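Data first, discussion second: the structure below is written as C-alpha cells.
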Amino acid sequence: MTFSSQMFFFSLILLFTSVQVPERAIFRQSQLKCIFELEGDELNSVKWYKNESEFLRYEPKRSPKFKYFPEPGITIN
7 MTFSSQMFFF SLILLFTSVQ VPERAIFRQS QLKCIFELEG DELNSVKWYK NESEFLRYEP
67 KRSPKFKYFP EPGITIN
C-alpha cells in the first residue's frame, strides 16, 4: 500500500521536518503525520493519497477545513 502527500503553498519555500507513515496498518488504527515549517508562508492545502487516489484534503482557509473522499480500506475518524 502506498501513501503520499502533496502540499500547496503560495510560495515555493518549504522545509519538511518529518513525514511519518506506517509501513502496514492491517486491521489496526494508525496515524499519518506530516510535519513541516512554513517559514512565514501560508498553507493552502495538504492532500493525502493512497495508490494515486486522494482520500483526505486539509485546506485551512475553507469551511469545512477537512474533506474526505471514500477509499476502500481507509476509515477516517
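To convert a position in the sequence shown, counted from 1, into this note's numbering, add 6.
Note that the Cβ used here is the ideal one computed from N, Cα and C, for glycine as well.
Every value quoted in this text rests on a predicted model; they were computed, and no experiment measured them.
Under DSSP, ARG63 takes part in a beta bridge, and its partners are LYS53, LYS73. Taken atom to atom, the span from the alpha-carbon of LEU49 to that of ARG34 is near 30 Å. Around the CB of PHE72, fewer than 16 other CB atoms lie within 10 Å, so the residue is classed as exposed.
If you check the CB distance, LEU44 and TRP54 do not come in under 8 Å.
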